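Heads up: the sequence lines are chains U, H, V, E, B and R, in that order. With the first letter of the first sequence counted as 1, position 109 gets the number 104 in this note's numbering; the numbers rise by one all the way through. With the first letter of the second sequence counted as 1, position 68 gets the number 63 in this note's numbering; the numbers rise by one all the way through. Just add 29 to the spot in the third sequence (first one is 1) and you have this note's numbering. Just add 29 to the spot in the fourth sequence (first one is 1) and you have this note's numbering. With the first letter of the fifth sequence counted as 1, position 77 gets the number 72 in this note's numbering; the numbers rise by one all the way through. With the first letter of the sixth sequence counted as 1, position 19 gets the number 14 in this note's numbering; the numbers rise by one all the way through. Data block below; observations after.
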Amino acid sequence: MPNDNKQKPILIVNQSAPYGNANAKESLDLALASSAFEQALSILFTGDGIYQLLPKQSPDDIQSKNLLQMLKALPIYGVEQLYVDQQSLTERGITELDTQLPIVLVNSVEISRLYHDAQTVFRF
Amino acid sequence: MPNDNKQKPILIVNQSAPYGNANAKESLDLALASSAFEQALSILFTGDGIYQLLPKQSPDDIQSKNLLQMLKALPIYGVEQLYVDQQSLTERGITELDTQLPIVLVNSVEISRLYHDAQTVFRF
Amino acid sequence: MIFSVLVLGAPYSSGASYSAYRFAQAALDADHNESHNKNHSANHNECHTIHRIFFYQDGIHSSSQLATPPQDEFNLYQAWQDLQSTYDLDLVTCIAAAVRRGVIDSGEAKRHNKLQHNMSTNFSLSGLGQLVEANALSDRVITFGR
Amino acid sequence: MIFSVLVLGAPYSSGASYSAYRFAQAALDADHNESHNKNHSANHNECHTIHRIFFYQDGIHSSSQLATPPQDEFNLYQAWQDLQSTYDLDLVTCIAAAVRRGVIDSGEAKRHNKLQHNMSTNFSLSGLGQLVEANALSDRVITFGR
Amino acid sequence: MILHTLNKSPSNEALSEQLSQVIQADDQVILLEDGVYHSLLENNDTSHWLGIAAHVHALNDDLKARGLTSNNSAIKTIDYADFVRLSSECDKVIAWY
Amino acid sequence: MILHTLNKSPSNEALSEQLSQVIQADDQVILLEDGVYHSLLENNDTSHWLGIAAHVHALNDDLKARGLTSNNSAIKTIDYADFVRLSSECDKVIAWY
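What follows is the structure in structure tokens.
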């Protein structure tokens, strides 16, 4: 986890399902902008945000861009780990996330630490 | 409760607290428009919508119009009864509503009947 | 069957506008198919019309003429305009909801001394009476909420 | 202390824009009071500046030049414009979020072949880099969400 | 017989409760947008709308977009033409959002 | 020490749960907009943020608008100048909405 205070580490929290509104897309845009400016960045998926990580998304027929494909590109931009709230998965009965994503499951204590280690938190 | 099918009775459901967003105000605008066209109209307050009925609202300092005052004018426009979900009051520990409003407390069965008697339901 | 449609959410911020568009398209297609296909299933043997599509609350943003989605994304604003032209639909934007949110036609621009306007001419500004009337004259009002 | 402010909700649909306006006003007032009142309480003995106010997601609608609230209602759009003029604030509207939602300045209008534009000249369109930079250069980013 | 449409995920529990209060056994439900995440639930609770409604449908385009296939056999996938047809077959349509 | 701002009513339970997960005993909370309805609650539950946070404040203008007076003695009413001051005194500000 990035923890260099001079760099003002950013935590982006995704708590919205994809496609139903612009949150997932506009969160990703901010993540890409942050990494373009070489900011220390962590990304957490929690609540309905974990739906962004389901495999086999195919939004062609609702004429949207595939957000999962865009998430898969994050490592190219230097975002090496995506933190995923284990409890949110359990509550939703989700056992299978996309295998190509660099996922790290986190528990309640680790999530609290992510918030406390960040200088700024953006929630979507 | 209005139940003349030719008149297409309308049910307006208020489930939003006032001031935080436009729902309460824009619901009221629709209620006034409906009564101006002499439509059979019922109005139900449920969930956070019951907060619209709290006495002593004083939104001058957030530079908003007093929505409670506007609700009090509804009888002038022919809306004689405001249906209020008893359970929503209980859950929120609300014991006191504005005394000048023509309130009728309703239970779960009566709420279901309001929905079934309406031809069109508008929720805010 | 006569439908009217109520749209309460803005493009991007809500799926309401897109879902309403798809519903309208399907209702009008069903109507169209009907006149050409006598063997159509019994379930589809009804002619549908859309009396009016009313845009209220944040739904009014669908009538923007100035919105420009990226070229590789679906342009829902343009799609509504095209659907209106094709079927001569009555697309009504609530005037009170729109003026306070910044969507105005040339007439309102004059009235409020604004030098610019931003509403598509495929939509018309009118009052909530148009929604009440649509409800009275339609068999069903289908709402697409935020 | 250097603040930046992030606004994510539209006027009417959310309290975000109004609360952000009140916060900005209070931060700038505290600063102003400070220079005139040496006996100010210890809690207020800091000079505050607002580096930037960034409007993202539905927050971009605050920068509309065409919104006209009823005359008996508070005009939050005008209030932002006045606050900008008074304090020479840097009000930045996210260009990507705004263009897809229908808020554009004269430059974007030209670029997209639109005959009209609707953004207040008290705001400027720019990219998300301006939010990232604001975060890097401010002590606190205060977010007002939908 | 009422057709209910639902466009929010199960996380919006207050909304599901309101629908559960109103729905009757012969009513139908269409899941659209984020409402389709309800297809991940198995619910035999007869006080919950999912355990009450005679017929629950989910829009196929919205399911596919989100990587869902309805493995809940009680939920039937439909297209927008079916949505229009069901709207006309039911007495009225109530939207939950 | 973190300053948390909360602008939604207790009906948004998922939001309160998220905040409860993150908050620590020396953190502070400001209730604004519909968040001020939390002042109607009496909560001694030490797993809920209202039972955890050292100091909970509510914006007076938002309380008054909604007809509320904080009869919860644990909640202090403040104005926007206090909001600004608390923002600078805390290490960072996290908004819950």
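A virtual CB, placed ideally from N, CA and C, is assigned to each residue, including glycine. Here the structure is a predicted model, which is why all the values come from computation and not from measurement.
Check, Outcome
"What residues in its chain sit with their C-beta under 7 angstroms from that of E/E75, if we drop five residues either side in the sequence?", "M30"
"With a threshold of 9 angstroms between beta-carbons, can E/S42 be considered close to chain V, or not?", "yes"
"Output, in chain order, the set of chain D residues within a Cβ distance shorter than 8 angstroms of V/Q145.", "Annotation note: the requested chain D is absent from the structure, which comprises protein chains U, H, V, E, B and R."
"Please decide whether E/S155 counts as near chain H, where near means a Cβ-Cβ distance under 9 angstroms.", "no"
"According to the Cβ coordinates, are B/Y32 and B/L63 closer than 9 angstroms?", "yes"
"Spell out whether any CB of chain R is found under 9 angstroms from the CB atom of E/Q86.", "no"
"Could you tell me if B/M(-4) is buried or exposed, where buried requires 16 or more neighbouring beta carbons within 10 angstroms of its beta carbon?", "exposed"
"Please state whether DSSP places H/I38 in a helix, a strand or coil.", "strand"
"Check whether the region 20 to 40 of chain U touches the region 74 to 82 of chain U, counting contact only when three or more Cβ pairs, one atom from each stretch, lie closer than 8 angstroms.", "yes"
"Hey, could you find the ends of the beta strand (DSSP E) H/V8 is sitting in?", "5 to 9"
"Where are the alpha helix (DSSP H) runs, 4 residues long or more, that stay fully inside the region 69 to 124 of chain V, in chain order?", "105 to 116"
"Considering only the beta carbon of each residue, do U/G87 and U/I7 sit closer than 9 angstroms?", "According to the sequence provided, residue 87 of chain U is Arg. The question's Gly does not apply to it. Against a cut-off of 9 angstroms, the Cβ pair of U/I7 and U/R87 comes out as no contact."
"Quick one: which chain B residues come within Cβ less than 8 angstroms of H/Y110?", "I(-3), V17, I89"
"Within its chain, find whatever has a CB closer than 7 angstroms to the CB of U/G44; leave out the 5 residues flanking it on each side and keep chain order.", "N9, Q10, S11"
"Residues of the region 53 to 77 of chain U in Cβ contact with chain B at a cutoff of 7 angstroms, in chain order, please.", "S53, P54, D56, I57, S59"
"Would you verify that the beta carbon of B/L26 is, or is not, closer than 9 angstroms to some beta carbon of chain U?", "no"
"Quick test of the definition: if touching needs 3 or more C-beta pairs under 8 angstroms, does the region 69 to 88 of chain B touch the region 31 to 51 of chain E?", "no"
"Using a Cβ cut-off of 7 angstroms, pull out every chain V residue sitting near E/H90, in sequence order please.", "R130, G131"
"Is R/A49 close to chain H, meaning its C-beta is less than 9 angstroms from at least one C-beta of that chain?", "no"
"Is R/L54 helix, strand or coil by DSSP?", "strand"
"Does the CB of R/G62 have a neighbour CB from chain H at under 9 angstroms?", "yes"
"How many whole angstroms separate the CB atoms of E/A59 and E/H80, which I take to be in contact at a CB cut-off of 8 angstroms?", "Their Cβ separation, rounded to whole angstroms, is 15 angstroms, which puts E/A59 and E/H80 out of contact at 8 angstroms."
"Between the alpha carbons of R/D74 and U/V116, how many angstroms are there, rounded?", "24 angstroms"
"Enumerate in chain order the residues of its own chain whose CB-to-CB distance from H/P4 is below 6 angstroms, with the five nearest sequence positions on each side excluded.", "P(-3), A35, A113, Q114"
"Anything in chain E within Cβ reach of U/Q34, meaning under 8 angstroms, just list it in chain order.", "V161, N164, A165"
"Going by C-alpha to C-alpha distance, which of H/Q64, H/Q58, H/S22, H/E105 sits closest to H/L48?", "H/Q64"
"Return no unless some Cβ of chain V is closer than 9 angstroms to the Cβ of H/T90.", "no"
"Considering only residues of the same chain and omitting the five flanking positions on each side of U/P97, which have a CB-CB separation below 7 angstroms?", "P70, E75, Q76, L77"
"Got a sec: does the ligand ZN put a non-hydrogen atom nearer than 8 angstroms to the Cβ of B/L27?", "Absence of the ligand ZN from the depicted structure is noted, as is the absence of any ligand whatsoever, leaving it without description."
"Which chain R residues are close to U/L106, counting only those with a beta carbon under 8 angstroms from its beta carbon?", "Contrary to the premise, residue 106 of chain U reads as Ile rather than Leu in this sequence. Within 8 angstroms Cβ-Cβ: Q16, V17."
"Report the neighbours of V/F103 on chain U: residues whose CB is nearer than 8 angstroms to its CB, in chain order.", "Q58, S59"
"Is the CB of U/T85 under 9 angstroms away from at least one CB in chain R?", "no"
"Contact defined as beta carbons within less than 8 angstroms: I believe E/I133 pairs with V/L95. What is the distance between those atoms, to the nearest angstrom?", "5 angstroms"
"Given a cut-off of 9 angstroms, decide if H/Y46 and H/I89 are closer than it, judged by their beta-carbon atoms.", "yes"
"Thinking C-beta only, is V/G88 closer than 9 angstroms to V/A55?", "no"
"Looking at the structure shown, is H/R118 part of a helix, part of a strand, or coil, going by DSSP?", "strand"
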